[in-house]
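Sequence lines, in order, name chains B and C. To convert, note that position 143 of the first sequence is 143 in the working numbering; the numbers rise steadily by one, no gaps. Just add 331 to wherever you are in the second sequence, counting from 1, and you've got the working numbering. Cβ coordinates follow ideal geometry from the N, Cα and C atoms, glycine included. Predicted model, so just to flag it, every value in this text is computed and none were measured. A quick write-up on the structure given underneath.
There are 2 protein chains.
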Amino acid sequence: MKANLEDIARASGVSKMTVSRVLRGGSGFSEETRDRVLGIAEKLGYVPNRLAAAFGADQAGTLVGMCVPRLTSGLFGHVLDGVDRALGRLGYQLMIGANNHSADEEEAWIRQVISWRPAGLILSGRHHSPGTVDLLRNAALPVVEIWDLTTSPIDMSVGFSHFDCGVEMGQFLLRRGRRRAGYIGALARADVMGASRREGFESALARAGHPLIDREILHDAPGFYAGYYGLETLLSRCPDLDVVYFHNDEMAIGGLAYAQARGLRVPDDLGIAGWGGMEAASILPRRLTTTIVPTTLIGKAAAEALVARLRGEKGQDVTVVATRLVPGETG
Amino acid sequence: MKANLEDIARASGVSKMTVSRVLRGGSGFSEETRDRVLGIAEKLGYVPNRLAAAFGADQAGTLVGMCVPRLTSGLFGHVLDGVDRALGRLGYQLMIGANNHSADEEEAWIRQVISWRPAGLILSGRHHSPGTVDLLRNAALPVVEIWDLTTSPIDMSVGFSHFDCGVEMGQFLLRRGRRRAGYIGALARADVMGASRREGFESALARAGHPLIDREILHDAPGFYAGYYGLETLLSRCPDLDVVYFHNDEMAIGGLAYAQARGLRVPDDLGIAGWGGMEAASILPRRLTTTIVPTTLIGKAAAEALVARLRGEKGQDVTVVATRLVPGETG
DNA sequence: TGCGTCAGATTTACCGGTAACGTAGCCTGC
DNA sequence: GCAGGCTACGTTACCGGTAAATCTGACGCA
Chain B
1 MKANLEDIAR ASGVSKMTVS RVLRGGSGFS EETRDRVLGI AEKLGYVPNR
51 LAAAFGADQA GTLVGMCVPR LTSGLFGHVL DGVDRALGRL GYQLMIGANN
101 HSADEEEAWI RQVISWRPAG LILSGRHHSP GTVDLLRNAA LPVVEIWDLT
151 TSPIDMSVGF SHFDCGVEMG QFLLRRGRRR AGYIGALARA DVMGASRREG
201 FESALARAGH PLIDREILHD APGFYAGYYG LETLLSRCPD LDVVYFHNDE
251 MAIGGLAYAQ ARGLRVPDDL GIAGWGGMEA ASILPRRLTT TIVPTTLIGK
301 AAAEALVARL RGEKGQDVTV VATRLVPGET G
Chain C
332 MKANLEDIAR ASGVSKMTVS RVLRGGSGFS EETRDRVLGI AEKLGYVPNR
382 LAAAFGADQA GTLVGMCVPR LTSGLFGHVL DGVDRALGRL GYQLMIGANN
432 HSADEEEAWI RQVISWRPAG LILSGRHHSP GTVDLLRNAA LPVVEIWDLT
482 TSPIDMSVGF SHFDCGVEMG QFLLRRGRRR AGYIGALARA DVMGASRREG
532 FESALARAGH PLIDREILHD APGFYAGYYG LETLLSRCPD LDVVYFHNDE
582 MAIGGLAYAQ ARGLRVPDDL GIAGWGGMEA ASILPRRLTT TIVPTTLIGK
632 AAAEALVARL RGEKGQDVTV VATRLVPGET G
C-alpha cells in the first residue's frame, strides 16, 4: 500500500500526470508508454487512493450513502440488494446506516456521511427532520427518497403510496364480505409508513360504513412474535372480529400461528391479511393474503435514477412502482 | 457545503489550525476563543471534510468495510445490524458489499474498497482468493473474518464451526431414532459454509453406521421455494426417508410446507431440521428443530474486536461464539 | 534585570491525486 | 516555407485538513 503515482512515474521515467492519465484510461500517451506504466504499476502493487482523488478533484466521487429504517427487515435486505447490484456494476461504493424509524437518527447519520462528500444519498421515507432538509438542500446533493411516495420530493423519489395499499386491502376485504375488521401494528408512531397503511385501511372501511372495530399497536419490532401476541391481545378484547390486517407479513404469519394454536379456522373464522410480500408468505401454511412490494426493483430504480443524475442525464424525478395485492387463501 | 476551516478562521480572527483544534475538542485555546469559533462554525453551517482529514493525516480514518455473501439473507441482516450499531456508536461509517459466495467477487470488492483506505475490514467466511490474502497482508489492514471459524485467521476472527453444527444435528437426529436421513442444500459448491455443515452431518451419520441416504443440492437461492421443491424432488427419489436436514431454516420451512401439502405428518412420518434460527422458525407451523446462531452478537463482537485493534488495545484474535441446537417439534 | 515556563496561538510543510495550461517536436496543406 | 494543428508529454497550482515546529507575551522567580 505504499506505491503511489510518483513512484510509478519515477520507475517508468515519465511524469506522474502521465501515469495518472494512463491508469485512468484516458488519452495523450503512446502505446509504448502505456504498456510500460501499466506493467510497473502492476509490479509495484499500486492501489489507487480514492481519498486523494475525490478530495483533490473536489468533485463528486463514487460514494453513495443509503439509510434504511432497519437493517433486519427482510424487505429492506432486498432493496439493499437491488441498490448494491446496480451501483456495484457502475463502480460506486455503498455506505449504509439505519435510522430506526427516527428522523433524528437519520439526521445524525446524514451529518456523518455527508462529511465524506458522497456523490448522492438514498433515503427511506419522505418524513425528514427540518435539519435534514436544510442540510440536503444547501449541500445540493442528489437525493433519492424511496419506499414512500411523495409528490414533492427533496430531489428524486422512487416508491408507492402506503396509504393506497391500506385502502386497497380494505376494499378487498370488504368485497370478500368482511365487516368487523381489526388492525395490528408495531413500533407505535415511529413507523410513519406503517401508519399510512393503517390510515388508508381505516379510511376505506369507514367510507363503506363498516369502520375499524379495534386495533392493537405494539411497541416491539414488527416480527412474528409481535404478530402472535398482538393477535392474542386483540382477540381477548374483541373476540368477534372477522378479519385482521397486519402491519406486515411477518406479523401476519405470527398471527396465523396464533390462530392455529387457538384452533381458529382461517379464513372461515378469521381472515388474516399482511403486507410486504415476503417469500414465506406465498407458501406457508397457506398462501397469505398480502400486498407484494417490488423491493429489488425499487432499489435498482433508485440506484439508476441517482447515477443518471450524476452523469448529467435527464431522468424522471418521481418514479411510481406498482404494488400488487395477492388474494391468497387467508383473507 | 462551502464553508471550510479557512472561512471560519477568517470570520473569527484566528488561524485555521486553532479552528481545527477547537472543532476536534483538543486543547491549546482559551474558553473565549472556543465559544467564538464554535458559534461561527455553527452559523456558517460548517460540514467537516473527512476526505481531507483522512487523506491529509494519512492515518486510519473512520471507514470500515464489510462484505457479506448475500444482502438478502435474514441472518446477515442481523449481523449487519450488530456491526452497524456497534460501529455507529463509536463514530465509524460502514461500507458494505455482497460477494454472492464468490471469492473472486470478494476480491474485486476488496480492491475497490481498499482504495478508500478503510481503517479495517470485516469479511465473511474463511475462504478467500490468493489475491485477497496478498492484498490484505501487505496492506497491513486490520481484518475480522466472521461467520466461519478458522484456526489461522488472516488477522482476527469471530465465528463458530459449521462442520460442528452439522455433526451436532446428525448426532441429535440419530438419538431421536432417525436412521434414513436426507439432506437438501442450495447454491451448489458456491456456499462453502453450507457445505461444511453437510459434511459434518454426513460424517456424524456415517460414523454411527447410518450414512446419508441421498441429498439434493439446488442451484437456486436458499429460500422457501428451494426448500419446497427440493423436498419434492428428494422424496420422489427416496420416498422412505425418515428425516431431512436442510441448508437453512427458510428452506426447512419450505420443506415443512411441502410435507403438509403432501399430507405427511411431521415429525411422525418425516422429521425436518433446519439451521440458522430465523425468528419464524420458533413459531410456525410448529417449533422447528434447528440450530440458533447468535447473529447480532457476532456482528457486535466483530465490530468491537476491530475497534479495539484500531485503538491499539489488546483483544483476542479468535472469538468463538456458541450456537445452540433447539430440539423443536419437527425433528 | 534576566531567564525559564507555559498557555495560546501561528506558520509551514505535506498528504496523492487532478485540472488547467504550457511546450516541444512533427506533420500537413496551401 | 510557414501557419496551424496534432500528439505526447511536463509543470504548476490546488483541494482542506493535520502534525510538528515555531512564535509571542505574560507571569513567576531567583
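In the three-state reduction of the DSSP assignment, residue 324 of chain B falls in the strand class, which pools E and B. Taking a beta-carbon distance threshold of 7 Å, residue 610 of chain C counts as an interface residue toward chain B. Beta-bridge partners assigned by DSSP to residue 93 of chain B: B:63. DSSP places residue 548 of chain C within a strand segment (E or B) once states are collapsed to three. For residue 447 of chain C, DSSP records no beta bridge to any residue. For residue 223 of chain B, a Cβ of chain C is located within less than 7 Å of the residue's own Cβ. Against chain C, the CB of residue 96 of chain B has a partner CB under 7 Å away; the residue lies at that interface. Beta-bridge annotation (DSSP): residue 156 of chain B is paired with B:144.
For residue 47 of chain B, the three-state secondary structure derived from DSSP is coil.
Using a Cβ-Cβ cut-off of 7 Å, residue 411 of chain C is close to 71 of chain B, given in chain order. Chain-order list of chain B residues neighbouring residue 447 of chain C: 50, 51 and 93, by C-beta distance under 7 Å.
Shown here, residue 295 of chain B sits in a helix according to DSSP, grouped into three states. Of the other Cβ atoms in all chains shown, fewer than 16 fall within 10 Å of the Cβ of residue 32 of chain B; this residue is therefore exposed.
In the structure shown, residue 14 of chain B adopts coil according to DSSP, grouped into three states. A straight-line Cα-Cα distance of about 14 Å links residue 410 of chain C and residue 654 of chain C.
Each residue's CA atom was taken as its position, placing residue 161 of chain B and residue 575 of chain C some 43 Å apart. Just measuring C-alpha positions, the residue of B:142, B:130, B:189 and B:7 sitting nearest residue 305 of chain B is B:142. Contact between the segment 221 to 237 of chain B and the segment 247 to 259 of chain B is present, with at least three C-beta pairs closer than 8 Å.
For the C-beta of residue 399 of chain C, not a single chain B residue is nearer than 7 Å; the gap to the nearest is close to 10 Å. Distance from the CA atom of residue 496 of chain C to the CA atom of residue 534 of chain C, rounded to whole angstroms, is 11 Å. Secondary structure note for residue 163 of chain B: its alpha helix (DSSP H) is the uninterrupted segment 162 to 175.
Contact annotation: residue 391 of chain C and residue 429 of chain C have beta-carbon atoms that are not nearer than 7 Å.
When C-beta distances to chain C are compared with 9 Å, every residue of the segment 164 to 192 of chain B stays at or above that value.
Legend: CB atoms of the segment 30 to 62 of chain B lying less than 9 Å from CB atoms of chain C belong to residues 45, 47, 48, 49, 50, 51, 52, 53, 54, 55, 56, 61 and 62.
Pairing residue 603 of chain C with residue 619 of chain C, the inter-Cα distance amounts to about 8 Å. Within its own chain, the residues whose Cβ lies closer than 7 Å to the Cβ of residue 539 of chain C, once the five positions on either side in sequence are excluded, are 505, listed in chain order. Contact annotation: the segment 401 to 421 of chain C touches the segment 68 to 78 of chain B, with at least three C-beta pairs closer than 8 Å.
Assigned with DSSP and collapsed to three states, residue 263 of chain B falls in coil, not helix or strand. In this structure, DSSP gives residue 646 of chain C a state outside helix and strand, which the three-state scheme calls coil. DSSP, reduced to helix, strand and coil, places residue 330 of chain B outside both helices and strands of the structure shown, so it counts as coil. Contact check between the segment 560 to 572 of chain C and the segment 505 to 516 of chain C: three or more CB pairs, one atom from each, fall below 8 Å, which counts as touching. Annotation for residue 425 of chain C: 395, 397, 414, 415 and 418 place their beta carbon closer than 7 Å to its own, counting only its chain and skipping 5 residues before and after. Going by DSSP, residue 186 of chain B is part of the beta strand (DSSP E) stretching over 181 to 186.
Residue pairing for residue 455 of chain C: DSSP places it in a beta bridge opposite C:477. Rounded to whole angstroms, the gap between the alpha carbons of residue 444 of chain C and residue 380 of chain C is 19 Å. Put simply, the CB of residue 600 of chain C is far from chain B, with every gap to its CB atoms at 7 Å or more.
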